[in-house]
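Visitor: Just so we're aligned, residue 0 is where the sequence shown starts under numbering that gives the first Met the number 0, counting upward by one.
Virtual Cβ for every residue (Gly too), placed ideally from N, Cα, C.
If you're wondering where the values come from, they're calculated on a predicted model, not measured in any experiment.
Would you mind keeping the following structure in view while I ask a few things?
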Amino acid sequence: MERRGRWTTSVFRFAADGTALLLEGGTGTGVWWDLGAGRFGFRVVEPLAGDDGRGAGRVVIAQTAVLTGRAFTGEGVSTVHDAADRVVRRLRVRVEATTLPPAR
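Below, the structure written as structure tokens:
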């Protein structure tokens, strides 16, 4: 994922039942939906913990993506909320990804 000119590695899992998981580069759960013509959207919520291990807020990742073969590109906004659920920051985020074969 690219945020403010910096690329990071993340691993998402999109299941056939419409669930979405962020497994690396953070952890979170959410949903995805088919938009037709090789397009899909997804929304994942990543809880944030403070130094004391207690909830410090969350990041809501919202993307629209296009699947082409085994790769997809997407763009959207990640919204950072504090522990009181106030919006602290909004970041434009781009995703360039390659799908992995199903686990055996």
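Can you tell me whether DSSP reads ASP81 as helix, strand or coil?
Guide: On the sequence shown, position 82 is the one that residue 81 refers to. If DSSP states are grouped into helix, strand and coil, ASP81 belongs with the strands.
Visitor: Run the CB neighbour count on TRP32, radius 10 Å, all protein chains shown included, and call it buried at 16 or more, exposed below.
Guide: Against the sequence shown, residue 32 aligns to sequence position 33. When all chains shown are included, TRP32 counts as exposed.
Visitor: Below 9 angstroms between beta carbons: does that hold for GLY54 and THR63?
Guide: Locating residue 54 in the sequence shown gives position 55, counting from the first residue. Locating residue 63 in the sequence shown gives position 64, counting from the first residue. Cβ atoms of GLY54 and THR63: not closer than 9 angstroms.
Visitor: So, does the CB of ARG88 fall closer than 9 angstroms to a CB anywhere in chain D?
Guide: The structure shown contains no chain D; it holds only a single protein chain.
Visitor: Which residues in the same chain have their Cβ closer than 8 angstroms to the Cβ of ASP81, if we skip the five residues on either side of it in sequence?
Guide: The residue you call residue 81 lines up with position 82 of the sequence shown. These residues qualify, in order along the chain: ALA55, GLY56, VAL87.
Visitor: Please name the residue or residues paired with LEU90 in a DSSP beta bridge.
Guide: Locating residue 90 in the sequence shown gives position 91, counting from the first residue. According to DSSP, which records beta bridges pairwise, LEU90 is partnered with SER77.
Visitor: What would DSSP say about PRO46, mapped onto helix, strand or coil?
Guide: By 1-based counting over the sequence shown, the position of residue 46 is 47. DSSP places PRO46 in strand when its eight states are reduced to three.
Visitor: Does the ligand PLP have even one heavy atom less than 8 angstroms from the beta-carbon of ARG93?
Guide: The ligand PLP is not among the ligands present in this structure, which contains no ligands whatsoever.
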